[in-house]
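For the sequence shown, counting from 1, position 183 maps to 193 in this note's numbering; every step adds exactly one. Notes to accompany the following structure.
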Amino acid sequence: MVSLRDETTNLLKSKSASPFLFLGSGFSRRYIGLEDWRGLLSRFCQGIGEFEYYSASANGNLPKAAELIAFDFHEVWWKDEAYAASREKYKNTTNSIADALKNEICEYISSSDTSGIQEEHIQKELELLKVINVDGIITTNWDFLLEEIFPEYRVFIGQEELLFSNPQAIAEIYKIHGCASRPESLVLTQKDYDNFEVKNPYLAAKLITLFIEHPIFFIGYSVADPHIQSIIFSIAECLTPEKLEQFSENLIFVRRAGGKQDSVQKFTFSQDGRNIIATVLETDDFSEIYEAINENKRKIPARILRYCKEQMYQLVKSEKPEKKISVIDIDELEASEEVEFVVGVGVAQQQIEKKEKLAEREEKALSESGYQGVNLIDIYTDFAKDETDFDAEKLLRLAFPIFRRGTTTFIPVFRYLRDAGIKDAESLEKSPYTSAKSVCEKISKKSYALSSYKSHYEKNWSDKITGEIIKTAPTEKVSVLIPHQGPNNVDLEQLREFILSHKPSDFRDPYSSYYRKLCSYYDRLAYGFDL
């Protein structure tokens with residue numbers, strides 16, 4: 011029997027770059043049960059006619075069928091009371107016949123659950139995807155599953171945003187057919203596809219480097235999909251015979267085996283005398299493929315690499331760079347918000363020696379005070395207790411100068427200020443705790459809420475109270491959802507119980523960082539004051 015893990019490893023062995031994923035409707039159908047395009051159109055035919063009628067009238071052409079459905083749905087949407095709420099929400103942005111159908115498709119998709127089908131093998135695959143070693147994702151899907159799996163990745167919506175932006179080709183999601191967060195961006199009807207095809211050569215030019223340098227795993231598409239073939243041949247037209255061979259070797263389709271044994275096959279795309287031979291991996295268990303992709307772990311997270319690459323571009327483009335440049339150990343780089351620019355990664359021996367001497371002096375000071383061994387992990391597990399384990403005055407005076415010089419931004423500090431008698435900004439200003447003050451000021455300039463989760467929170471969680479979120483959301487997601495609740499809406503006692511029952515090491519990255527941010531959020535709400 012073929013080992014797809016070994017086969018995938020062999021395919022990637024000679025590649026210098028990490029893969030990209032190219033994901034279609036079958037991907038969302040597999041993991042969250044969302045209908046394919048035909049099923050989605052059938053859903054919105056209810057009340058206006060039979061889908062088969064529209065399909066036959068369009069000679070089986072789905073974009074044309076969508077256009078016919080949109081025409082009839084337009085009339086119903088504007089008159090039927092069932093859509094009164096949607097009309098009120100979208101009336102100022104509904105400017106064409108197809109917009110009504112796009113609005114309702116987006117409403118439906120936005121209400122879908124992205125936590126995944128609750129089957130063991132599906133949940134296993136989703137967990138593997140969350141840590142998979144890929145540089146980015148291209149998709150024609152409209153839903154929010156990818157934002158759920160890759161919350162740190164920047165999302166580009168539609169051809170326009172991708173063509174007129176500066177993508178870095180790392181830690182990014184390209185939603186080339188639009189997104190349910192923007193109904194007008196959807197590529198749905200024949201007219202939309204015609205416009206898409208006009209710009210396809212420009213999109214191909216933007217993507218050509220990705221397809222030459224990276225293995226591309228197509229998941230959720232048929233090899234016969236005409237729209238995928240159109241993109242592939244648009245890129246192929248730009249290539250020399252040598253590059254065309256390299257391009258072919260990078261095309262890998264993953265498809266269900268339908269109960270058959272795992273296999274590796276070849277499929278040939280042919281057009282105008284050009285032959286492109288792609289590899290096809292057939293299996294009903296995608297986990298072996300994901301595990302093979304993930305074998306080569308990064309030293310530096312993709313989100314950090316993207317940040318560095320983007321900042322380098324901005325620095326080179328600027329005539330007068332004003333960003334501060336610093337030298338730190340890459341292992342201390344916890345999140346991109348903690349640096350303004352990274353110019354290099356390496357060993358700075360002199361810097362290391364200075365840090366070692368400083369650490370010795372700090373350790374001696376802490377030892378003399380009985381505070382040797384106090385570190386941030388101790389703070390996160392201590393600050394929410396009824397009675398903390400530390401003398402607040404000594405902690406603020408001796409430990410916080412060390413914490414302040416570290417790279418972590420979100421440190422619980424207000425609890426210890428309160429215990430030391432500091433309850434407002436004026437008292438803090440007059441106090442000797444200058445390091446604690448610096449920590450407070452650093453936190454005040456940041457946001458507790460993760461912007462990439464805003465849309466997901468508003469659509470799926472904004473109507474739930476703190477206790478419901480803690481009870482029903484995946485444990486690791488609690489840390490990114492609750493900061494989106496307004497300060498007056500957070501149930502502090504429920505949040506405190508959650509914090510007391512967890513610690514940062516309970517979560518894998520990046521959720522460990524989000525949990526520390528949640529602790530800081532609770533610290534500010536429960537014990538803090540305005541600066």
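Glycine is no exception: its CB is placed at the ideal position from the N, C-alpha and C atoms.
Asked	Found
DSSP puts Gly146 in a beta bridge; with which residues?	Phe30 and Glu182
Among Pro225, Ile303, Ser191 and Glu247, which residue has its Cα nearest to the Cα of Leu213?	Glu247
With distances taken Cα to Cα, identify the nearest neighbour of Ser232 among Phe277, Arg15, Ser258 and Pro211.	Phe277
Keeping to the same chain, check which residues put their C-beta closer than 8 angstroms to that of Asp202; ignore five residues upstream and five downstream.	Pro73, Ala108 and Leu196
Tell me whether the beta-carbon of Glu403 lies closer than 8 angstroms to the beta-carbon of Ala446.	no
Let me see if you follow: with CB-CB separation under 8 angstroms, is Val208 close to chain C or not?	The structure shown has no chain C; it contains just one protein chain.
The beta strand (DSSP E) spanning Gln275 covers which residue range?	Ser273 to Gln281
Could you tell me the boundaries of the alpha helix (DSSP H) in which Arg39 lies?	Ser35 to Ile42
Give me, in chain order, the residues of the same chain whose beta-carbon lies closer than 7 angstroms to that of Gly43; leave out the 5 immediate sequence neighbours on both sides.	Ile127
Taking buried to mean at least 16 other C-beta atoms within 10 Å of its own C-beta, is Trp88 buried or exposed?	exposed
Distance check for Glu486 and Phe243, CA to CA, integer angstroms please.	42 angstroms
Considering only the alpha carbon of each residue, which of Glu507, Leu438, Ile218 and Phe410 lies closest to Lys481?	Glu507
Can you tell me whether DSSP reads Val165 as helix, strand or coil?	strand
Can you tell me where the alpha helix (DSSP H) holding Ala288 begins and where it ends?	Premise fails: Ala288 lies in the beta strand (DSSP E), Arg284 to Glu292, not in any alpha helix (DSSP H).
Take Tyr93 and list the residues in its own chain whose beta-carbon comes closer than 6 angstroms to its own, dropping the five residues that flank it on each side.	Trp87
Give the C-beta separation of Val274 and Val12 to the nearest angstrom, bearing in mind that I take them to be a contact with Cβ-Cβ under 8 angstroms.	6 angstroms
State the Cα-Cα distance for the pair Thr419 and Leu405, rounded to the nearest angstrom.	17 angstroms
Considering just the uninterrupted stretch of the beta strand (DSSP E) at Glu86, what are its terminal residues?	Checking the displayed sequence, the identity of residue 86 turns out to be Val instead of Glu. Run containing Val86: none in the beta strand (DSSP E); it sits in the alpha helix (DSSP H), Leu72 to Lys89.
What's the call for Gly188, buried or exposed, on a 16-neighbour Cβ count within 10 Å?	buried
Three or more C-beta pairs under 8 angstroms: does that hold for the stretch 168-178 against the stretch 466-475?	no
Check Phe263 in the structure and name its three-state DSSP category.	strand
How far does the beta strand (DSSP E) with Ile226 in it extend, from its first residue to its last?	Ile226 to Ile229
Leaving out the 5 sequence neighbours to the left and right, which residues in its chain are closer than 7 angstroms to Leu14 when beta-carbon positions are compared?	Asp272, Leu291, Thr293, Glu298 and Ile299
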